[in-house]
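Listed below in structure tokens is the structure:
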């Protein structure tokens, strides 16, 4: 158990819908990262927050947004879902940046 | 941006064999980690190793930062070692960039 908690673990939704994925970082970690892994693909960096502020952005679609709350948990919002958004979405956390990052178990999203 | 290449892309071993996985990166890095993604999708930390050598049981890793590569050694492989091994690096920015992975299958 890495200490990073993600919910839900599995989600099936229809095209055009909106979903929210939630992440609780390890106790004491200030940085939260979101990654997307499509079928048989590598991990694509989406976005990173540090202590509530956005620090880095990857190839995150405009339909996707995220935030980190004062209690340090983070949410990734995916809207106007398309079939191609089906993927495993990972959250990771670290104490700061330039540290070891630990991954949650991921949220499996299937868009039908 | 920084490029990360891993080799070989696929590897099949008989149980008990040894293997070496390689990670090359295109620029200097401040951080490097190795991960194992098991067949259930979980990403497990193996090593945080921006430079030097570390060992943990049957696994060891070496990073030669000046030559921009890292190696992961697996000795006496077991079927539970099957999965995908990823190398991830960051180079002063806040994000880790992942390599394409090495898919390992260990046969009983």
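Residue numbers (our numbering), protein chains in the order written: chain A, 15 to 126; chain B, 19 to 126.
Glycine is no exception: its CB is placed at the ideal position from the N, C-alpha and C atoms.
Bear in mind the structure is a predicted one, so any value in this text is a computation, not a measurement.
Practice task
Identify the continuous beta strand (DSSP E) that holds residue 79 of chain B and give its terminal residues.
Solution key: Where residue 79 of chain B is concerned, the enclosing beta strand (DSSP E) stretches over 77 to 82.
Exercise for the section: Check the Cβ of residue 66 of chain B against every Cβ in chain A and list those closer than 7 Å, keeping chain order. Expected result: 114, listed in chain order.
Practice task
Using three-state DSSP, classify residue 85 of chain A as helix, strand or coil.
Solution key: Of the three classes helix, strand and coil, the one that applies to residue 85 of chain A here is coil, per DSSP.
Handout entry: beta strand (DSSP E) segment containing residue 19 of chain A, residue limits
Key = Its beta strand (DSSP E) spans residues 19 to 21.
Handout entry: residue 67 of chain A - containing beta strand (DSSP E), residue span
Key = Element bounds for residue 67 of chain A: 67 to 71.
Problem - Interfacial residues, the segment 41 to 70 of chain B to chain A, with Cβ spacing under 7 Å - result: Against chain A - using a Cβ distance shorter than 7 Å - the residues of the segment 41 to 70 of chain B are 48, 49, 51, 59, 60, 61, 63, 66.
Problem - Cβ-based neighbour list, residue 44 of chain B, same chain, cut-off 6 Å, excluding 5 preceding and 5 following - result: If we look at residue 44 of chain B and ignore the five residues flanking it on each side, its Cβ neighbours are 20, 21.
Exercise for the section: Sort out for me which residues DSSP pairs residue 123 of chain B with in a bridge. Expected result: DSSP output for residue 123 of chain B lists B/30 as bridge partner(s).
Exercise for the section: Alpha carbon to alpha carbon, how far is residue 61 of chain A from residue 80 of chain A? Give it in angstroms, no decimals. Expected result: Roughly 8 Å separates the two Cα atoms.
Practice task
For my contact list, residue 56 of chain B and residue 101 of chain B are in at a C-beta cut-off of 8 Å; report their separation, rounded to the angstrom.
Solution key: Indeed they touch by this definition, with Cβ atoms about 5 Å apart.
Exercise for the section: Check whether the segment 99 to 111 of chain A touches the segment 41 to 58 of chain A, taking contact to mean three or more Cβ pairs, one atom from each stretch, closer than 8 Å. Expected result: Because the criterion of three Cβ pairs below 8 Å is met, the segment 99 to 111 of chain A and the segment 41 to 58 of chain A touch.
Practice task
Could you list the residues in the segment 96 to 126 of chain A with a C-beta less than 7 Å from some C-beta on chain B, going in chain order?
Solution key: Within the segment 96 to 126 of chain A, the residues whose Cβ lies closer than 7 Å to some Cβ of chain B are 102, 104, 111, 112, 114, 115, 116, 117, 119, 120, listed in chain order.
Practice task
Quick one: residues in its chain with C-beta nearer than 6 Å to the C-beta of residue 49 of chain B, no 5 flanking neighbours on either side, listed in chain order?
Solution key: The beta carbon of residue 49 of chain B lies closer than 6 Å to those of 68, 108 in the same chain, with the five residues before and after it left out.
Practice task
Taking 8 Å as the threshold, find out whether the segment 94 to 102 of chain A comes into contact with the segment 45 to 64 of chain A through three or more Cβ pairs.
Solution key: Between the segment 94 to 102 of chain A and the segment 45 to 64 of chain A, the count of Cβ pairs shorter than 8 Å is three or higher; the stretches touch.
Practice task
Starting from residue 118 of chain B, find everything on chain A with Cβ-Cβ shorter than 7 Å and list it in chain order.
Solution key: Chain-order list of chain A residues neighbouring residue 118 of chain B: 56, by C-beta distance under 7 Å.
Practice task
Using the Cα positions of residue 121 of chain A and residue 21 of chain A, report the straight-line distance between them to the nearest angstrom.
Solution key: Distance between the alpha carbons of residue 121 of chain A and residue 21 of chain A: 6 Å.
Handout entry: Opposing strand residues paired with residue 42 of chain B [DSSP bridges]
Key = Beta-bridge partners assigned by DSSP to residue 42 of chain B: B/23, B/87.
Practice task
Consider the Cβ of residue 62 of chain A: report whether some Cβ of chain B lies at a distance smaller than 8 Å.
Solution key: Yes, residue 62 of chain A lies at the interface with chain B (some Cβ there is under 8 Å from its Cβ).
Exercise for the section: Have a look at A/94, A/104, A/89 and flag the residue whose alpha-carbon is nearest the alpha-carbon of residue 28 of chain A. Expected result: The shortest Cα separation from residue 28 of chain A among A/94, A/104, A/89 belongs to A/94.
Handout entry: Beta-bridge pairing of residue 108 of chain B - partner residues as DSSP gives them
Key = The partner list for residue 108 of chain B (beta bridge, DSSP) reads B/49.
Practice task
Taking the CB atoms as reference points, tell me whether residue 72 of chain A and residue 83 of chain A lie closer together than 8 Å.
Solution key: It is not a contact, given that the beta carbons lie outside the stated cut-off.
Practice task
Assign residue 97 of chain B to one of three DSSP states: helix, strand, or coil.
Solution key: The answer is helix: DSSP assigns residue 97 of chain B an H, G or I state.
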